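The structure under discussion appears below in the form of structure tokens.
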Amino acid sequence: MDNIFTIDGVGYNVGVESIARKARLSDGPNADNALSGYHWRDLQGTFFDYTFQLSADGMSRDDYDSLYEVLTSPVDSHTVVAPYGQTTLSYEAYIEVVEDTVEYMDDGTCWGGLTVTFYAREPKKVPT
């Protein structure tokens, strides 16, 4: 894998400080608790969400700004390819919040500490 992850088919030469993967086993509208306390499941499937903490190390400021513009574009979703087990997972994901901080200012602004979470739009695993 040339890049740790890609967004819409584009890889970015960005430092990855951490990757957190979350598997959400989401219930549908028929899930409920019985009077006995038993929980009835109505599993829709397993959604995989990824949170990336990125560093601007090795990136030009223009490349960082380009990545930020992609991440903050008001689009419904992105195609994301991320590490999964010993291979990768390709999925449609949406973004709600992108955060970063000013690291220093000189002849311009150096941003870093970027955090973004990609939320899966549909389950990758469904009940059989």
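Start counting the sequence shown at 67; every next residue gets the next number (the working numbering). All C-beta atoms in this analysis are idealised placements derived from N, C-alpha and C, irrespective of residue type, glycine included. This structure is a prediction, so every number in the text was calculated from the model and none was measured.
- Query: With which residues is Ser156 paired in a DSSP beta bridge?
  - Reply: Paired residue(s): Val147.
- Query: Beta-carbon separation of Asp115 and Asp93 under 9 Å?
  - Reply: Pairing Asp115 with Asp93 gives a Cβ-Cβ distance that is not under 9 Å.
- Query: What span of residues does the alpha helix (DSSP H) with Tyr134 cover, start to end?
  - Reply: Note, Tyr134: alpha helix (DSSP H), 127-137.
- beta strand (DSSP E) segment containing Asp93, residue limits: Where Asp93 is concerned, the enclosing beta strand (DSSP E) starts and stops at 81-93.
- Query: With DSSP run on the structure shown, which of helix, strand or coil describes Thr194?
  - Reply: DSSP, reduced to helix, strand and coil, places Thr194 outside both helices and strands of the structure shown, so it counts as coil.
- Query: In chain order, what residues of the same chain lie with their CB nearer than 6 Å to the CB of Glu101, ignoring the 5 residues before and after it?
  - Reply: According to the sequence shown, residue 101 is Leu rather than Glu. So the list is empty, once near-sequence residues are dropped.
- When DSSP labels each residue in this structure, what does Val168 get in the three-state scheme? Reduced to three states, the DSSP call for Val168 is strand.
- Message: Check whether the segment 166-178 and the segment 117-128 touch, using three or more Cβ-Cβ pairs below 8 Å as the test.
- Response: At 8 Å Cβ cutoff, the stretches touch.
- Item | Status (buried if at least 16 other CB within 10 Å, exposed otherwise) for Ala186 | With a threshold of 16 other beta carbon atoms within 10 Å, Ala186 meets it and is buried.
- Item | Own chain partners of Leu137 with C-beta closer than 7 Å, once the 5 adjacent residues on each side are dropped | Residues Ile161, Val164, Val182 of the same chain have their beta carbon placed closer than 7 Å to that of Leu137, with the five preceding and five following residues left out of the count.
- Message: Against chain D, does Ala159 count as a neighbour if the rule is that its beta carbon must be under 9 Å from one of theirs?
- Response: Annotation note: the requested chain D is absent from the structure, which comprises a single protein chain.
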